[in-house]
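Residue numbers (the UniProt record's numbering): 1 to 193.
Taking it in order: structure first as structure tokens, then the write-up.
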Ligand code: FES
Ligand code: FES
């Protein structure tokens with residue numbers, strides 16, 4: 001029996017469907033960059049150590065160099081090309097721009113995708129390795145610089161732009177928390193009306 005070493009797969013990336021034949025050993029990172037020309041996702045170490053290739057899979061952070069493309073079929077994949085809302089930058093992108101959260105920019109797409117995941121994880125109440133009180137009744141920890149550094153520690157920046165990156169993540173998290181509170185308030189008003 002001859003075993004097939006390739007398959008035709010369909011990937012859903014940034015809301016668009018892409019059908020392509022791939023060797024089963026192709027990583028999601030190589031499929032994005034080499035096959036689909038989505039080169040915003042960067043290759044740094046290619047072994048899961050630097051975070052440059054971070055994308056969102058079903059809204060959660062994943063390093064695309066350790067993910068096989070065939071295993072990503074059926075998942076919602078978001079890359080840096082898909083985080084803005086048309087011409088409007090994602091709040092994390094805007095904060096990186098405003099606060100100089102980069103120098104060469106090579107790590108930046110991964111940092112931004114990771115930060116989007118961090119803010120969602122924190123809003124959902126997930127503790128980190130530096131959260132002091134992890135009891136559910138303690139509620140989510142405040143997103144201090146220490147919490148941000150720990151949660152972003154899988155994303156390396158050779159330029160050392162960490163100080164500004166932490167500030168950018170903190171600002172975007174605050175803005176998104178304000179937006180959530182405003183939406184909850186508007187929803188409550190509608191229920192009362
Ligand atoms: S290129 Fe994927 S973690 Fe470094
Ligand atoms: S901005 Fe250059 S590696 Fe991070």
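All C-beta atoms, glycine included, are put in the ideal place defined by N, C-alpha and C.
Per DSSP, what kind of secondary structure is residue i in: helix, strand or coil?
i, result
"residue 43", "coil"
"residue 106", "coil"
"residue 36", "coil"
"residue 22", "strand"
"residue 30", "helix"
"residue 69", "helix"
State buried or exposed for residue i, treating a residue as buried only when at least 16 other CB atoms are found within 10 Å of its CB.
i, result
"residue 109", "buried"
"residue 179", "exposed"
"residue 184", "exposed"
"residue 133", "exposed"
"residue 45", "exposed"
"residue 3", "exposed"
"residue 157", "buried"
"residue 8", "exposed"
"residue 136", "exposed"
Do residue j and residue i come within 8 Å of each other at the CB atom, strictly closer than that value?
i, j, result
"residue 65", "residue 48", "yes"
"residue 152", "residue 115", "yes"
"residue 164", "residue 150", "no"
"residue 99", "residue 167", "yes"
"residue 22", "residue 70", "yes"
"residue 36", "residue 72", "no"
"residue 169", "residue 118", "yes"
### Query
Whose beta carbon lies closer than 6 Å to any heavy atom of ligand 1, going through the chain in order?
43, 44, 45, 46, 48, 49, 50, 51, 52, 53, 63, 65
### Message
I'd like the ranges of any alpha helix (DSSP H) spanning at least 4 consecutive residues and lying wholly in the region 111-153.
### Response
145-151
### Query
So which residues touch the region around ligand 2, with touch meaning a C-beta under 6 Å from any heavy atom?
Working through the chain, the matches are 102, 103, 104, 105, 106, 107, 108, 157, 158, 159, 161.
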